[in-house]
Amino acid sequence: MQLALFDLDNTLLAGDSDFQWGQFLIAKGLLNEKEHLARNIAFYEDYKAGRLDIHAFLDFQLKPLSAYKRSELDALHQEFMVEKIRPMITGKARALVEKHRQNGDLLMIITATNSFVTGPIAHEFGIEHLIGTTPEEVGGEFTGKVTGTPSFQAGKIMRLNQWLAERKQSLTDFEVTWFYSDSHNDLPLMKLVDKPVAVDPDPTLKTYAEEAGWPVISLR
Numbered sequence: 000m001q002l003a004l005f006d007l008d009n010t011l012l013a014g015d016s017d018f019q020w021g022q023f024l025i026a027k028g029l030l031n032e033k034e035h036l037a038r039n040i041a042f043y044e045d046y047k048a049g050r051l052d053i054h055a056f057l058d059f060q061l062k063p064l065s066a067y068k069r070s071e072l073d074a075l076h077q078e079f080m081v082e083k084i085r086p087m088i089t090g091k092a093r094a095l096v097e098k099h100r101q102n103g104d105l106l107m108i109i110t111a112t113n114s115f116v117t118g119p120i121a122h123e124f125g126i127e128h129l130i131g132t133t134p135e136e137v138g139g140e141f142t143g144k145v146t147g148t149p150s151f152q153a154g155k156i157m158r159l160n161q162w163l164a165e166r167k168q169s170l171t172d173f174e175v176t177w178f179y180s181d182s183h184n185d186l187p188l189m190k191l192v193d194k195p196v197a198v199d200p201d202p203t204l205k206t207y208a209e210e211a212g213w214p215v216i217s218l219r
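For what it's worth, numbering that gives the first Met the number 0 labels the leading residue of the sequence shown as 0, then goes sequentially.
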């Protein structure tokens, strides 16, 4: 069996779900635009530049989840899927996932974005397995904090190895391992798999991929 790993934002999605969730809440009047937008943009620029303080970002990004009941958040997410997410899913992205599915590969989305935002997106792609940063819950409600290791940069490797260990597996148990990503933040994991693929890559990843002889594709 082969293992196909997919980053989500700007890879399977033609956009960033984390950033758009904040924009969606602003549009709904649930976040103060003046206070939230500038910080959201600043964190996004830090991410693209490879200097993101993931814990500072998560303190910022997960806090709104603690302000509303889970039932309210779930209802909002349904609207979010229609308004923001489905328009960011291209036919090429769906076809790539389906190609691996038809091959009988084990499919996973592995993303730094939190699992509340990304869970329904994985379901939209028909991908059962998801590793995302995990928001802390108490009594079924979000606290605004993170639990466990954020699945960011080398944290993706740690979280993936933990998941595989629970299945009594390792990366070497698969005939071929794939990882599709747009971001140089994912280079640690891309270097571990058999078939790294740069998808609409940022400039740093594009340069690295070309020098390493990795495939560079577009899903747009």
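For glycine and all other residues, C-beta sits at the position ideal for the given N, C-alpha and C.
Values in this document were obtained by computation on a predicted structure and should not be read as measured data.
Could you check where the alpha helix (DSSP H) with Phe151 kicks off and where it finishes? Along the sequence shown, one-based indexing puts residue 151 at 152. From DSSP, Phe151 is part of no alpha helix (DSSP H); its letter is neither H nor E.
Which residues DSSP lists as bridging Trp213, in chain order: Taking the sequence shown and counting its residues from 1, the one referred to as residue 213 is at position 214. According to DSSP, which records beta bridges pairwise, Trp213 is partnered with nothing at all.
Tell me whether Ser182 sits in a helix, a strand or coil according to DSSP, three-state version. As a working note, residue 182 is residue 183 in the sequence shown. DSSP places Ser182 in coil when its eight states are reduced to three.
Using a Cβ-Cβ cutoff of less than 8 Å, which residues in the same chain neighbour Asp87 once the five nearest sequence positions on both sides are dropped? The residue labelled residue 87 in the question sits at position 88 within the sequence shown. Reading off the sequence shown, one finds Met at residue 87, where the question assumed Asp. Only Leu12, Ala13, Gly14, Ser16 and Gln19 meet the Cβ criterion.
Hey, is the stretch 114–131 in contact with the stretch 44–52, meaning 3+ C-beta pairs nearer than 8 Å? no
Report the CB separation of Ala153 from Pro195 in whole angstroms; it is logged as a contact under 8 Å. Numbered from 1 along the sequence shown, position 154 holds the residue referred to as residue 153. Numbered from 1 along the sequence shown, position 196 holds the residue referred to as residue 195. That pair is no contact at about 15 Å.
Under the assumption that Leu57 contacts Val145 (Cβ atoms under 8 Å), give the Cβ distance between them as a whole number of angstroms. Residue 57 sits at position 58 when you count from the first residue of the sequence shown. Residue 145 sits at position 146 when you count from the first residue of the sequence shown. Yes, Leu57 and Val145 are in contact; Cβ-Cβ is about 5 Å, under 8 Å.
Pick from Leu51, Ile84 and Glu135 that is closest to Pro63, judged by C-alpha positions: Stepping through the sequence shown from its first residue, residue 63 is reached at position 64. Selected option, being the one with the closest Cα: Glu135.
Cβ-based burial, His183 [other Cβ within 10 Å; buried from 16]: As a first step, residue 183 must be located in the sequence shown, where it is residue number 184. That one is buried.
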